[in-house]
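Enquirer: Protein sequence lines correspond, in order, to chains A and B.
Numbering of the first sequence is given in this note's numbering, commencing with residue 33 and proceeding in unit increments.
Numbering of the second sequence is given in this note's numbering, commencing with residue 43 and proceeding in unit increments.
Glycine included, each C-beta is placed from N, C-alpha and C at the ideal position.
Sharing a structure below in structure tokens format, with a few things to ask.
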Amino acid sequence: MAGKTLFDKIWDKHVVDEIKGGPSVLYIDRHLIHEVTSPQAFSGIESRGIKVFRPESTVATPDHNVPTIDQHLSIKDELSRFQVNKLTENCEKHGITLYGLTHPYHGIVHVIGPELGITQPGLTMVCGDSHTSTHGAFGSVAFGIGTSEVEMVMATQCILQPKPKKMLISVDGELSKGVTAKDVVLYIISKISASGGTGYFIEFAGSAIRSLSMEGRMTVCNMSIESGARGGLIAPDETTFAYIKGREFAPAGVDFDRALEQWKLLKSDSDAIFDKELHFDAADIEPMITYGTNPGMGAKIVEQIPATEEIEPSTRESYEKSLAYMGFKAGSPIAGRKVDYVFVGSCTNGRIEDLREVAQFVKGKSKAEHVTAWLVPGSKQVEEQAHKEGITEILEAAGFKLRQPGCSACLAMNDDKVPEGMLAVATSNRNFEGRQGPGSRTMLASPLTAAAAAITGEVTDPRTLL
Amino acid sequence: MSSEKFQTIESLAVPLPIENVDTDQIIPARFLKATTREGFGENLFRDWRFDKNGATKEDFVLNNNTYTGKILVAGKNFGSGSSREHAAWAIHDYGFKVMVSSWFADIFKNNALNNGLLPVQVSEAFLLTLFKAIESNPATLIKVDLEAQLISIAASGASESFEINPYKKECLLNGYDDIDYLLSIKEKIVQFENSRS
């Protein structure tokens with residue numbers, strides 16, 4: 033019998049029951065909730081006259097719609113305030129731990145999970161948010177769900193879920209200077225397209241992936257959903273264990289040692305069979321940026337936007353529509369375009385390592401005058417750490433506007449919107465039409481590339497300034 | 043949550059031959075602030091239907107009186123992006139019962155099935171046939187028979203079978219609900235928990 037993949041090992045251990053010809057009943061270890069996709073689920077269980085089944089396995093924080101200034105004041109936007117208050121009310125009613133706006137643990141749900149040690153290897157984790165895939169960086173099976181499924185987890189700690197197929201993506205070799213985790217994942221998605229991962233759960237492996245920090249691995253797994261995949265995961269190793277040790281909700285003392293023994297077993301068997309395998313060479317990866325309106329439309333900054341003739345005939349119409357929205361011409365160079373906004377933040381790149389990278393790059397420099405540069409830390413703890421390390425001062429001196437934690441301009445549910453027609457280089461995860469505000473245009477890139485754009489005021493290969 | 047039983051549908055269809063229609067186009071994030079499931083149809087494809095001043099964009103298909111019906115036929119990779127179930131709610135609330143595409147994003151597909159909106163995945167070739175038929179004659183009737191798992195064009199008789207998970211099919215046909223099912227096996231879930239500790 034062939035060996036098992038890491039994904040299979042974790043999934044199979046959580047199957048409570050199998051429905052004949054149907055989905056599995058999958059047990060969920062950790063349920064993260066936020067203000068936008070939970071209210072209808074709470075109403076749903078209440079209309080059934082039941083309470084949250086395992087409130088102790090549930091953690092809540094408001095992140096999607098929250099303002100990133102004056103968080104100590106009442107939220108000005110009436111609908112946002114109502115939604116956030118509803119979350120507070122629901123958590124109180126059902127006995128769920130909530131890290132509200134002024135709590136020192138507040139932040140983007142996918143940033144606080146790992147930093148509090150809630151995210152651990154071998155667990156199943158879900159949240160009503162597609163970027164739940166982030167937590168896979170720790171060797172957990174983590175994925176986004178819809179609100180009906182949120183209600184299932186609230187009611188029974190289980191969901192009905194068809195088992196996805198398995199894909200292995202390995203990246204081997206050494207990443208060159210100026211090439212980061214974000215470039216790796218944008219490169220992969222540019223190769224497999226925004227739908228190439230649909231139906232699969234991806235395991236990322238190879239020496240280039242192993243060389244990444246936990247923050248970098250989270251960036252890679254975070255964006256696995258942008259290839260259409262259900263999620264992504266990376267087998268835990270010493271880097272993972274060192275990151276977890278000592279965190280608030282991580283096992284401590286003997287419990288940690290005991291957990292560690294189990295965690296060390298979490299890897300795919302050498303003879304495990306994947307439904308699909310793809311291999312990439314780290315040496316081929318250079319700083320990447322997107323030029324279109326889905327994350328698969330990415331290229332090396334030094335390249336040109338593909339000519340229409342290079343695109344498959346059946347998709348040319350969509351391709352041209354996308355470029356027309358961006359105001360770009362097929363075949364034109366990517367670098368050198370004037371940038372109006374720079375956004376550093378989000379669950380993709382709003383962690384302390386991202387802020388450090390940007391600070392190191394912009395230290396002693398100033399942003400271009402015409403650029404508005406926002407830096408939004410992923411959590412209160414990241415914000416706090418940035419103050420301690422003097423990062424805040426460096427960034428402010430360079431002309432960046434520092435805001436308070438939240439999803440912010442990644443999806444522009446709050447007031448942090450890129451105005452119509454403006455071009456933003458963003459470290460977030462989606463470049464969809466109007467994603468950062470109606471009519472806004474987004475180019476996705478690494479924190480280094482975002483920093484370079486802020487300094488020069490145009491799309492720039494960061495290696496030219498290193 | 044589905045309670046309505048899914049019946050065979052014979053209807054006109056609305057063509058949306060655009061690929062990679064993501065959830066931010068289906069319902070932009072700024073309209074996700076409601077705390078109930080109703081009313082999202084009003085903002086379905088908001089920024090394609092209306093300009094920034096709220097004026098109707100005449101060239102968008104939903105504003106074109108030529109096309110109407112309970113079936114929305116869209117290009118490849120429909121529903122990619124966010125997990126927001128609001129996307130499925132918005133399409134259903136607008137009046138669609140069936141979504142046809144050659145490729146659906148996974149989370150969107152689950153969300154649709156959980157809301158009585160049937161995602162019908164067809165081949166690229168059949169999708170093209172559908173677009174051609176609807177665009178050349180907007181009065182083209184499309185029949186979707188869930189029981190037989192068959193989608194057909196009434197006039198020409200062209201048809202294709204589609205896949206659906208047998209459990210989900212039963213749920214849709216009978217108006218069953220996943221949560222009712224999960225609650226019915228709660229004892230098993232508790233046993234599972236006990237076996238792990």
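Starting from the C-beta of Lys-210(B), find all residues in its chain whose C-beta is less than 6 Å away, skip the five residues before and the five after it, and write them out in chain order.
Expert: Same-chain partners within the cutoff: Leu-155.
Enquirer: Compute the Euclidean distance between the alpha carbons of Tyr-131(A) and Ala-483(A), then round it to the nearest angstrom.
Expert: Between Tyr-131(A) and Ala-483(A), the C-alpha separation is close to 31 Å.
Enquirer: In whole angstroms, what separates the C-alpha of Asn-153(B) from that of Glu-181(A)?
Expert: Spanning the two alpha carbons is a distance of roughly 8 Å.
Enquirer: Could you give the DSSP three-state label for Gln-163(B): helix, strand or coil?
Expert: Correct three-state label for Gln-163(B): strand.
Enquirer: Since I believe Pro-327(A) is in contact with Leu-455(A) (beta carbons under 8 Å), could you give me their beta-carbon distance rounded to a whole number of angstroms?
Expert: With 8 Å as the limit, Leu-455(A) and Pro-327(A) do not qualify as a contact, their Cβ atoms being about 17 Å apart.
Enquirer: Which bits of chain E does Ile-51(A) rub up against, with CB to CB less than 7 Å?
Expert: Protein chains A and B are contained in the structure displayed, whereas chain E is not.
Enquirer: Where does the unbroken beta strand (DSSP E) through Ala-147(B) begin, and where does it stop?
Expert: No beta strand (DSSP E) holds Ala-147(B); DSSP gives it neither H nor E.
Enquirer: For the segment 295–308 of chain A and the segment 38–47 of chain A, state whether three or more C-beta atom pairs, one from each stretch, are separated by less than 8 Å.
Expert: Taking 8 Å as the limit for Cβ pairs, the verdict is that the segment 38–47 of chain A does touch the segment 295–308 of chain A.
Enquirer: Examine chain A for any beta-carbon lying closer than 8 Å to the beta-carbon of Phe-168(B), and answer yes or no.
Expert: Output row for Phe-168(B): interface = no.
Enquirer: Report yes or no: do three or more beta-carbon pairs, one from the segment 184–203 of chain A and one from the segment 56–63 of chain A, lie closer than 8 Å?
Expert: The segment 184–203 of chain A is in contact with the segment 56–63 of chain A.
Enquirer: What would DSSP say about Glu-181(A), mapped onto helix, strand or coil?
Expert: Residue state, collapsed to three classes: helix.
Enquirer: What residues from chain B crowd round Pro-194(A), counting only those whose CB sits closer than 7 Å?
Expert: Correct list: Asn-207.
Enquirer: Which residues in chain B sit within 7 Å of Gly-359(A), going by Cβ to Cβ distance?
Expert: Under the 7 Å cutoff, chain B gives no residues; its nearest Cβ is about 16 Å from Gly-359(A).
Enquirer: How would you list, in chain order, the residues of chain A whose beta-carbon sits under 7 Å from the beta-carbon of Lys-99(B)?
Expert: In chain order: nothing, as chain A lies at least about 13 Å away.
Enquirer: Can you name the residues that DSSP bridges to Val-56(B)?
Expert: Note: Val-56(B) sits in a beta bridge opposite Leu-114(B).
Enquirer: Taking only beta-carbon atoms, is Glu-181(A) less than 8 Å away from chain B?
Expert: Yes, its Cβ sits closer than 8 Å to a Cβ of chain B.
Enquirer: Tell me, please, whether the CB atom of Ser-478(A) is closer than 8 Å to any CB atom in chain B?
Expert: Cβ-Cβ to chain B under 8 Å: no for Ser-478(A).
Enquirer: So which residues on chain A does Arg-126(B) lean against when the C-beta distance must stay under 7 Å?
Expert: Correct list: Thr-69.
Enquirer: Could you check which residue in Leu-200(A), Thr-404(A), Ala-315(A) has the C-alpha nearest to that of Ala-240(A)?
Expert: Out of Leu-200(A), Thr-404(A), Ala-315(A), Ala-315(A) has the C-alpha closest to the C-alpha of Ala-240(A).
Enquirer: With which residues is Asp-313(A) paired in a DSSP beta bridge?
Expert: Answer is Asp-204(A).
Enquirer: Since Lys-139(B) and Lys-112(B) are thought to touch, with beta carbons under 8 Å apart, how far apart are those beta carbons, to the nearest angstrom?
Expert: About 4 Å separates the two Cβ atoms, so the contact holds.
Enquirer: Measuring only between beta-carbons, confirm whether Met-43(B) sits less than 8 Å from chain A.
Expert: Confidence is the limiting factor: at Met-43(B) the pLDDT is only 49, short of 50, which leaves the residue's position unreliable, though a coordinate-based value still follows. Closer than 8 Å: yes.
Enquirer: Closer than 6 Å by C-beta to Gly-368(A): which residues in its own chain qualify, once you throw out the five before and the five after it? Chain order, please.
Expert: Here the set comprises Glu-490.
Enquirer: Would you call the CB atoms of His-126(A) and Asp-95(A) closer than 8 Å?
Expert: No. Outside cutoff.
Enquirer: So what's Met-250(A) in DSSP terms, helix, strand or just coil?
Expert: DSSP places Met-250(A) in helix when its eight states are reduced to three.
Enquirer: Would you please verify whether the beta carbon of Ile-177(A) is less than 8 Å from any beta carbon of chain B?
Expert: Yes, because at least one Cβ of chain B sits closer than 8 Å to the Cβ of Ile-177(A).
Enquirer: In terms of DSSP beta bridges, what is Met-157(A) paired with?
Expert: Arg-62(A), Ala-174(A), per the DSSP bridge assignment.
Enquirer: Taking 7 Å as the cut-off, is the CB of Leu-172(B) close to at least one heavy atom of the ligand ATP?
Expert: Annotation note on the ligand ATP: not contained in the displayed structure, which lists no ligands.
Enquirer: Compare the C-beta of Glu-189(B) with all C-beta atoms of chain A and state if any pair is closer than 8 Å.
Expert: No, its Cβ sits nowhere closer than 8 Å to a Cβ of chain A.
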